[in-house]
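Peer 1: Before I ask anything, let me first share the structure, which is written out below as structure tokens.
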Amino acid sequence: MGQQPITFLRQVMALCTYPNLLDSPSFPEDAKKRARRILQACGGNSLGSYSASQGVNCIREDVAAYIARRDGGVPADPDNIYLTTGASDGITTILKILVSGGGKSRTGVLIPIPQYPLYSAVLSELGAVQVNYYLDEDNCWALDVQELRRAVREAKEHCDPKVLCIINPGNPTGQVQSRKCIEDVIHLAWEEKLFLLADEVYQDNVYSANCTFHSFKKVLWELGPEYSSNVELASFHSTSKGYMGECGYRGGYMEVVNLHPEIKGQLVKLLSVRLCPPVSGQAAMDIVVNPPRPGEESFAQFVREKEAVLSNLAEKAKLTEDLLNQVPGIRCNPLQGAMYAFPRLLLPPKAVEAAQAHGMAPDMFYCMRLLEETGICVVPGSGFGQREGTYHFRITILPPVEKLKTVLQRVKDFHVQFLEEFA
Amino acid sequence: MAVRTVGHNQATMNGLREKVLTLDTMNACVKRVEYAVRGPIVLRALELEQELSQGVKKPFTEVIRANIGDAHAMGQKPITFLRQVLALCVHPDLQNSPDFPEDAKRKARSILQACGGHSLGAYSNSSGIQPIREHVAQYIQRRDGGIPADPNNIFLSTGASDAIVTVLKLLVAGEGRCRTGVLIPIPQYPLYSAALAELDAVQVDYYLDEDRAWALDVAELRRALCQARGHCLPRVLCIINPGNPTGQVQTRECIEAVIRFAFEERLFLMADEVYQDNVYAEGSQFHSFKKVLMEMGPPYSTQQELASFHSISKGYMGECGLRGGYMEVVNMDPAVQQQMQKLVSVRLCPPLPGQVALDVVVSPPEPSDPSFAQFQAEKQEVLAQLAAKAKLTEQVFNEAPGIRCNPVQGAMYSFPRIQLPPRAVRRAKELGQAPDMFFCLRLLEETGICVVPGCGFGQREGTYHFRMTILPAAEKLRPLLEKLSQFHAKFTREYS
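Chains A and B, in that order, give the protein sequences.
In terms of the numbering used here, the first sequence opens at residue 1 and continues consecutively.
In terms of the numbering used here, the second sequence opens at residue 1001 and continues consecutively.
Next comes the structure, spelled out in structure tokens:
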């Protein structure tokens, strides 16, 4: 949608791709230093070599150092870091290992509703049991531990609930969990013996002034040894979001905590069948976790570009929330983080009937009409899950500001007309 | 009601609870997965490298990783034009640089035009960037003497492995005696056995004929199929041509016979052709399954289902780390093809750098382009080196008593047969190891040479092999081959 890549990241990538450029005066020394370090760790000093299946060693070390810095000194072990082909790859791999049993002992996996539909897709493919827990729309999509308990309890009737997936900041909902909430979730995981998956790919995308990203890893550690030595946790990050937006490189990592050593062996074995994640994506991840430091040549420009992207996203988040809330019949929760709005549509009964007559979910019907009449493509809430009888759509906040305003205005006009048509 | 017992045992006494995820509670299919190419012997090789770097004295000064088909790791250089185009795509500022040829700049510009926001950082369509799919189709058409390919039947992938697994996922169905059976060659590239284990499909082995240079024999296919029908529903036939680990290049007659067989027996054909550029032996020629299928005419050409796979990891490019590849599907049910599109969309798209590299492979510089001469020179140099190394490997191994190496007609490996004395076989069994694993571990410990035992690929009972790449640098290769032969002689004497 027009966001510019971070210059330093692309410079290092270009140097890694075509090392002749190391002799070029057009590249800063700090970029060259990073590139040399990465290439030295590659077979034949080439991005074209397979890396170790767990990822290039020095990059894993850099990821561990990043995590420790991010989490105020809470240590991370490079041996617990696995580089992956985007976060989706890591999430899928962990779920693969976790899903077992048959009939009433089939593994149940708790996922938020609304969710990012990678989860439902993977669970479907693996034949796992999907266990829904509902986020609280009336409370800014907060996670309610009572609701989690309810879901676990009911799930035990028909499966073996072993896994709890959290997306924080949320997708599509954008909520940023409070520290207390994360602690409560960890307590519950400990009580109910649930393996925690923390999808944190939007950790750099926090906009609300009164919200802070707390990593599950950090909170777990700070709860003390009873929890930090026991609760099994896998946390995920990606190069696709944040301020980088490098989706096409397919870069990501997972950090695992308290995994049984034999399971870690199984994990590497499983990953080895696919040889390794794309080395270019690993290199991109290295820049994300090891960016220019104060005093380095590229620092000022890097910070400028990063801040520009993030403040632009924050502006667009607020803009989207405000404009959507001005539309009668649309109610949008605060966009605390991530990259989406997930507004609620109050659809007139006649519209719901018309949708049903067409054999479509009501919000799908709405979105198809929106597309046909305005060219605006959004995803209906039915694709993410929602409480029965409620309707939503997910729209990204990514178009440039002026375009975004136009788009939202068109949505508003369409919606008003739609309400009239089905009054 | 599902109940999990919590072990109140030693673990709890240590303040540690029993874990949610253990060998007992994990996915049993994943436990059965093995991948020898990066298996136990490679883990030991890694340990030895670490010991060496810590100054531990060894009978060797470096570990030779002859276990994996990774050309760059063994010193092969990337193709200049490919890396220039990729760098220009990664960092478009380089369009202003005088150090890049015009054709590379043009190609990069046209690729970026097709990317969202003109950036490699945007997700592409799940089946790949449209113009690149078109170029792949054109490449296939040129390669196959004009037989057309439809870009809509081309799916770019994260290496060929990704596409192979995707197709297998769609194919594997049924329960019990109706569970899908998949015929794979023995010896095989162990992605296949690993994927089948993970998908809980039934692996059906058909043996290649070692006495006839690893030829594929349709009578043996038939034998395997009939036997399999007793306990599963065989629906898929996988061919690797040129072969891995065996290196044989199938004759045209053989491919026709396989296609006829697949058609008669209603088998979905999967043709792994990632080594299509690696053909060395005189008299050997690569014939794509697609071309042969089409030239056989109806009903084969209009009804036989085929998926063919290619990769940027091999050939003359050796771009393993970029993870690029494609599959071409022929005669696939349109509704199934849609399902496949849906399945690949869950993972969004294959990595853009891999797609770019593939584009260069399938639409390289033309004779009139500035980069043509250098491109061709580099390509021919790599291929000539590989051909020479293939010949040398076969020759040196065949000079060793007790080692018998079939001609390395193509691909990147030798898979020689080794005679092991009965005492060695017994010793291996005492240690709970496959005899060739025992041999290879000793080889590694004493010479630093890391190869993969034949048990990792499959072989006839009572025969022993190892797979060694032909990739070590030319000046290093002969000494390595001789060292290995000498080790074998010593080993044989020791256990006589």
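Ideal Cβ placement from N, Cα and C applies to all residues, glycine included.
Could you tell me which chain B residues have their CB closer than 7 Å to the CB of N205/A, listed as they occur along the chain?
Peer 2: Taking the first sequence and counting its residues from 1, one reaches residue 205/A at position 205. Near N205/A there are no residues of chain B at all, since even the closest Cβ is about 16 Å away, more than 7 Å.
Peer 1: According to DSSP, what are the bridge partners of A234/A?
Peer 2: As a working mapping, residue 234/A is identified with position 234 in the first sequence. In DSSP, A234/A forms a bridge with L197/A and V256/A.
Peer 1: Any chance the stretch 278-289 of chain A sits against the stretch 245-259 of chain A, with 3 or more Cβ pairs inside 8 Å?
Peer 2: yes
Peer 1: What residues in the stretch 1013-1032 of chain B have a beta carbon less than 8 Å from any beta carbon of chain A?
Peer 2: G1015, L1016, R1017, K1019, V1020, L1021, T1022, L1023, T1025, M1026, N1027, A1028, V1030 and K1031
Peer 1: How would you write the range of the alpha helix (DSSP H) that A284/A sits in, first residue to last?
Peer 2: Within the first sequence, numbered from 1, the residue matching residue 284/A stands at position 284. Here the alpha helix (DSSP H) through A284/A covers V279 to V289.
Peer 1: Would you call the stretch 1059-1066 of chain B in contact with the stretch 1291-1307 of chain B, where contact means no fewer than 3 C-beta pairs closer than 8 Å?
Peer 2: no
Peer 1: Skipping 5 residues on each side, what residues in its chain have a beta carbon closer than 6 Å to that of G1121/B?
Peer 2: To locate residue 1121/B, count along the second sequence from 1; it is residue 121. Around G1121/B: no qualifying Cβ.
Peer 1: Y1123/B CB to nearest chain A CB: under 7 Å?
Peer 2: Counted from its first residue, the second sequence places residue 1123/B at position 123. Answer yes: the Cβ-Cβ gap between Y1123/B and chain A drops below 7 Å somewhere.
Peer 1: Starting from L1322/B, find everything on chain A with Cβ-Cβ shorter than 8 Å and list it in chain order.
Peer 2: Counting from one through the second sequence, the residue named residue 1322/B turns up at place 322. At a beta-carbon threshold of 8 Å, the residues of chain A lying near L1322/B are L47, G48, P278, V279 and S280, ordered along the chain.
Peer 1: When you compare each of M360/A, K217/A and A151/A to G73/A by their alpha carbons, which one comes out closest?
Peer 2: In the first sequence, counting from the first residue as 1, residue 73/A sits at position 73. When each option's Cα is compared against that of G73/A, the closest is K217/A.
Peer 1: For chain B, check one thing: does any of its Cβ atoms lie closer than 7 Å to the Cβ of R250/A?
Peer 2: What you label residue 250/A is simply residue 250 of the first sequence in a count that begins at 1. At least one chain B Cβ lies under 7 Å of R250/A.
Peer 1: Going along the chain, which residues of its own chain have a beta-carbon closer than 7 Å to the beta-carbon of D363/A, five neighbours each way excluded?
Peer 2: As a position in the first sequence, residue 363/A is number 363, starting the count at 1. Excluding sequence neighbours, D363/A sits near L345, P380, G381, S382, Y391, H392 and F393.
Peer 1: Of the residues that make up the stretch 229-243 of chain A, which ones have a beta carbon closer than 7 Å to any beta carbon in chain B?
Peer 2: S229, N230 and E232
Peer 1: Cβ of T17/A less than 7 Å from any chain B Cβ?
Peer 2: Along the first sequence, one-based indexing puts residue 17/A at 17. Closer than 7 Å: yes.
Peer 1: Counting C-beta neighbours from all protein chains within 10 Å, is the total for K1490/B 16 or more, i.e. buried, or is it exposed?
Peer 2: Within the second sequence, the letter at position 490 stands for residue 1490/B. K1490/B comes out exposed.
Peer 1: Pull up the distance between the alpha-carbon of R1417/B and that of V1056/B, whole angstroms please.
Peer 2: Working through the second sequence from its first residue, we reach residue 1417/B at position 417. Working through the second sequence from its first residue, we reach residue 1056/B at position 56. Between the alpha carbons of R1417/B and V1056/B lies a distance of about 33 Å.
Peer 1: Can you give me the Cβ contacts of M1/A inside the same chain, cut-off strictly under 8 Å, excluding the 5 residues immediately before and after it?
Peer 2: By one-based count along the first sequence, residue 1/A stands at place 1. Closer than 8 Å at Cβ, skipping near neighbours: T396, L398, P399 and P400.
Peer 1: Do you know how far the Cα of A300/A is from the Cα of V257/A?
Peer 2: Taking the first sequence and counting its residues from 1, the one referred to as residue 257/A is at position 257. Taking the first sequence and counting its residues from 1, the one referred to as residue 300/A is at position 300. Looking at the two C-alpha atoms, the distance is approximately 35 Å.
Peer 1: Who are the Cβ neighbours of F1487/B in its own chain at under 7 Å, not counting the five residues just before and after it?
Peer 2: As a position in the second sequence, residue 1487/B is number 487, starting the count at 1. These residues qualify, in order along the chain: L1443, E1446 and T1447.
Peer 1: Run through the DSSP bridge pairs and tell me what S1311/B is partnered with.
Peer 2: Taking the second sequence and counting its residues from 1, the one referred to as residue 1311/B is at position 311. G1325/B, per the DSSP bridge assignment.
Peer 1: At what residue ranges does the stretch 70-100 of chain A contain a whole run of the alpha helix (DSSP H), taking only runs of 4 or more?
Peer 2: 86-98
Peer 1: What number of angstroms, rounded off, separates the C-alpha of T1025/B from the C-alpha of Y227/A?
Peer 2: Taking the second sequence and counting its residues from 1, the one referred to as residue 1025/B is at position 25. Taking the first sequence and counting its residues from 1, the one referred to as residue 227/A is at position 227. Cα to Cα, T1025/B sits roughly 21 Å from Y227/A.
Peer 1: Indicate whether Y202/A and A338/A have their beta-carbon atoms separated by less than 7 Å.
Peer 2: Here residue 202/A corresponds to residue number 202 of the first sequence, with the count starting at 1. Here residue 338/A corresponds to residue number 338 of the first sequence, with the count starting at 1. Yes. Within cutoff.
Peer 1: Please name the residues in the stretch 1169-1195 of chain B whose beta-carbon is closer than 9 Å to at least one beta-carbon of chain A, in chain order.
Peer 2: K1169, P1190, L1191, A1194 and A1195
Peer 1: Which residues in the same chain as A1108/B place their Cβ atom closer than 6 Å to its Cβ, once the five residues preceding and following it in sequence are excluded?
Peer 2: Looking up residue 1108/B in the second sequence gives position 108. If we look at A1108/B and ignore the five residues flanking it on each side, its Cβ neighbours are V1085, L1088 and C1089.
Peer 1: Alpha carbon to alpha carbon, what distance is there between L196/A and T1005/B?
Peer 2: The residue given as residue 1005/B occupies position 5 in the second sequence. The residue given as residue 196/A occupies position 196 in the first sequence. Caution applies to T1005/B, whose pLDDT of 46 falls short of 50 and renders its modelled position unreliable; the model cannot decide the point.
Peer 1: Give me whichever residues DSSP pairs with F1155/B in a beta bridge.
Peer 2: Walking along the second sequence from the start, residue 1155/B turns up at place 155. According to DSSP, which records beta bridges pairwise, F1155/B is partnered with M1327/B.
Peer 1: Are the C-beta atoms of F195/A and some chain B residue less than 7 Å apart?
Peer 2: Here the question's residue 195/A lines up with position 195 in the first sequence. So yes, F195/A belongs to the interface.
Peer 1: Since E1198/B and V1451/B are thought to touch, with beta carbons under 8 Å apart, how far apart are those beta carbons, to the nearest angstrom?
Peer 2: Here residue 1198/B is taken as the residue at index 198 of the second sequence, counted from 1. Here residue 1451/B is taken as the residue at index 451 of the second sequence, counted from 1. About 25 Å separates the two Cβ atoms, so there is no contact after all.
Peer 1: Taking C-beta to C-beta, are F342/A and A355/A nearer than 7 Å?
Peer 2: Stepping through the first sequence from its first residue, residue 342/A is reached at position 342. Stepping through the first sequence from its first residue, residue 355/A is reached at position 355. Using a Cβ distance threshold of 7 Å, F342/A and A355/A do not count as a contacting pair.
Peer 1: Please list the residues of the stretch 68-93 of chain A that have a C-beta atom closer than 9 Å to any C-beta atom in chain B, keeping them in chain order.
Peer 2: Listed in sequence order: T85, G86, S88, D89 and T92.
Peer 1: May I have the straight-line CA-CA distance separating L135/A from I1259/B, to the nearest angstrom?
Peer 2: In the first sequence, the residue the question calls residue 135/A occupies position 135. In the second sequence, the residue the question calls residue 1259/B occupies position 259. Between L135/A and I1259/B, the C-alpha separation is close to 54 Å.
Peer 1: Quick check: G192/A and V152/A, are their CB atoms within less than 7 Å of each other?
Peer 2: Walking along the first sequence from the start, residue 192/A turns up at place 192. Walking along the first sequence from the start, residue 152/A turns up at place 152. One detail in the question is off: residue 192/A reads as Glu in this sequence, not Gly. Their beta carbons are under 7 Å apart, which means E192/A touches V152/A by this criterion.
Peer 1: Exposed or buried, what is P294/A when buried is set at 16 or more other beta-carbons lying within 10 Å of its beta-carbon?
Peer 2: Within the first sequence, the letter at position 294 stands for residue 294/A. By the neighbour-count rule (16 or more Cβ atoms within 10 Å), P294/A is not buried but exposed.
Peer 1: I want to verify the contact list: residues of chain A whose CB lies under 7 Å from the CB of L1352/B, in sequence order.
Peer 2: To locate residue 1352/B, count along the second sequence from 1; it is residue 352. Within chain A, the residues near L1352/B are G248 and Y249.
Peer 1: Report the rounded CA-to-CA distance for E373/A versus V407/A, giving the unit in angstroms.
Peer 2: In the first sequence, counting from the first residue as 1, residue 373/A sits at position 373. In the first sequence, counting from the first residue as 1, residue 407/A sits at position 407. E373/A and V407/A: Cα-Cα distance of roughly 12 Å.
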